[in-house]
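Numbering (our numbering), first residue to last: 202 to 305.
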């Protein structure tokens, strides 16, 4: 890990609230990555099989397996579901300079 001067790491505490009407949220995919790394999806292109599984079944694990250790990805993990209507879930992610946080 880089500890040189000018290197910053930010800790994000994220709370997701399910405000839908009687719809549970499935598991949530979280990725800390460089902006130029392989995208989670591209506009106007077919979704990957792994993203389709998340959308259809609420299972983020195939996306975690796809992106964990991929070039430009610092971390990929899932947050357990379901999150029922009116409930919340929380997680923390550390994001260094030059990286972004993506959720699905």
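Even glycine gets a Cβ: it sits at the ideal position worked out from N, Cα and C.
Any non-hydrogen atom of the ligand NAP within 6 Å of residue i CB
i	result
residue 287	This structure does not include the ligand NAP; it has no bound ligands of any sort.
DSSP three-state assignment for residue i, whether helix, strand or coil
i	result
residue 211	strand
residue 305	coil
residue 291	strand
residue 298	coil
Residue i classed as buried or exposed, judged by whether at least 16 other C-beta atoms fall within 10 angstroms
i	result
residue 251	buried
residue 285	exposed
residue 273	exposed
residue 228	buried
8 Å contact criterion, which residue i and residue j should meet: CB distance rounded
i	j	result
residue 271	residue 237	Wrong, their Cβ atoms sit about 12 Å apart, outside the cutoff.
residue 230	residue 255	6 Å
Beta strand (DSSP E) segments (min. 3 residues) lying fully within the stretch 221 to 287 | List check, beta strand (DSSP E) in window: 229 to 234 and 274 to 280.
Does the pairing of the stretch 285 to 302 with the stretch 245 to 252 give three or more beta-carbon distances under 8 Å?
-> By the C-beta criterion, the stretch 285 to 302 is judged not to be in contact with the stretch 245 to 252, since fewer than 3 inter-stretch pairs fall below 8 Å.
Tell me, please, whether the stretch 206 to 225 touches the stretch 277 to 295 by the rule of three or more beta-carbon pairs shorter than 8 Å.
-> Flag = yes, the stretch 206 to 225 and the stretch 277 to 295 touch.
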